[in-house]
Structures are given as C-alpha cells and as structure tokens.
C-alpha cells in the first residue's frame, strides 16, 4: 500500500521542497496551504501522516489539529513551526501531536520521524 503524507503550510515553496524530498523517499504527497483546505484534503486523501504548520492565516495549526483529532482520533500529526516554543510544543503534544519540529527542517530527522510513525501505524494495523 502506498504511504501518503499531507503537507500543510501557507508557504508553497516549503510544501514543494518537502514534497520533492518525501517523493524521493517513496512517499505519495498531497499538499494544503491553509487549515480549511487541510481538513478537506485530509477527508479526501486520508493520509497516513500529516505535517502541519503551526502558524497559518485563518485556522492555526492547533485548531486544525483539534479538528483532525475529532475526525480521526488516530490521525498521526507532526507539527512544524518557524521557532522553537516549548509551551506551544507542550500544548501540541497534549492535543495529540506526535512530534514538534522547527524550521529550517532537518530533512534527515523528518525522514526518521515519518518512517518511525509509519512503522507504528503498520504495527497497529
């Protein structure tokens, strides 16, 4: 089965960079550029993992995370932020995020986190 990642960020260049990297690792990637679009794309694509930007116009990442967890309590969400904020990271984890990473994203670390998440999903299946 194809492993799918949803990348949600209001910066299209960031989405493109991550998409190219993840596709090179064999993942199928879908993108969304704001919170509302993320919820629609999630419902349509049902990705295995969601990379979710914390700060976006409209619904921020925490709001989207909460709504995703209502739709699918098992959704695997990795929050992405421009700056390290321990309080925000704590809040994101309390809301169900698996990880909180900062930009510029260490792509090797991102690959490791996604691979580990995919292994956990497979183990639960």
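Residue numbers (the working numbering): 311 to 435. We treat Cβ as the ideally placed atom computed from N, Cα and C, and that holds for glycine. Since we're looking at a predicted model, the values are computed, not measured.
Note down, in chain order, each residue of its chain lying with its Cβ closer than 8 Å to the Cβ of residue 405, except the 5 sequence neighbours on either side.
-> As a first step, residue 405 is located in the chain shown; it is residue number 95 there, counting from the start. Here the set comprises 372, 375, 376, 379.
Measuring alpha carbon to alpha carbon, tell me which of 381, 321, 341, 360 ends up nearest residue 410.
-> Locating residue 410 in the chain shown gives position 100, counting from the first residue. Restricting attention to 381, 321, 341, 360, the CA atom closest to the CA of residue 410 is found in 360.
Drop a sphere of 10 angstroms on the beta-carbon of residue 424, count the other beta-carbons inside from all chains shown, and report buried for 16 or more, exposed for fewer.
-> By one-based count along the chain shown, residue 424 stands at place 114. It is buried - the Cβ of residue 424 has at least 16 other Cβ atoms within 10 Å.
Taking the alpha-carbon positions, what's the residue 343 to residue 323 distance?
-> Stepping through the chain shown from its first residue, residue 343 is reached at position 33. Stepping through the chain shown from its first residue, residue 323 is reached at position 13. Here the alpha carbons of residue 323 and residue 343 stand approximately 11 Å from one another.
Under 8 Å from any heavy atom of the ligand GTP, does the C-beta of residue 313 make it?
-> Within the structure as shown, the ligand GTP is missing, as the structure has no ligands at all.
Under the rule that 16 or more other beta-carbon atoms within 10 Å means buried, what is residue 381, buried or exposed?
-> Within the chain shown, numbered from 1, the residue matching residue 381 stands at position 71. Classification of residue 381: exposed, given that the 10 Å Cβ count is below 16.
Residue 354 to residue 341, Cα distance in whole Å?
-> Here residue 354 refers to the residue found at position 44 of the chain shown. Here residue 341 refers to the residue found at position 31 of the chain shown. Taking the straight line joining both Cα atoms gives about 12 Å.
Residues that DSSP places opposite residue 363 in a beta bridge = For the purposes of this step, residue 363 is identified with residue 53 of the chain shown, where counting begins at 1. Residue 363 is bridged to 390.
Is the beta carbon of residue 395 less than 9 Å from the beta carbon of residue 331?
-> Locating residue 395 in the chain shown gives position 85, counting from the first residue. Locating residue 331 in the chain shown gives position 21, counting from the first residue. By the CB criterion at 9 Å, residue 395 and residue 331 fall outside the cutoff.
In or out: residue 430 buried (at least 16 other Cβ within 10 Å) or exposed?
-> The residue you call residue 430 lines up with position 120 of the chain shown. Exposed, because fewer than 16 other Cβ atoms sit within 10 Å of the Cβ of residue 430.
State the beta-bridge partners of residue 341 as determined by DSSP.
-> Here residue 341 refers to the residue found at position 31 of the chain shown. Residue 341 pairs with 317.
DSSP state of residue 405, grouped into three classes?
-> Position 95 of the chain shown, counted from the start, is the residue given in the question as residue 405. The DSSP-derived three-state label of residue 405 is coil.
Burial state of residue 451, where buried means 16 or more other Cβ atoms lie within 10 Å = The question about residue 451 has no answer, for the chain in this structure spans 311 to 435.
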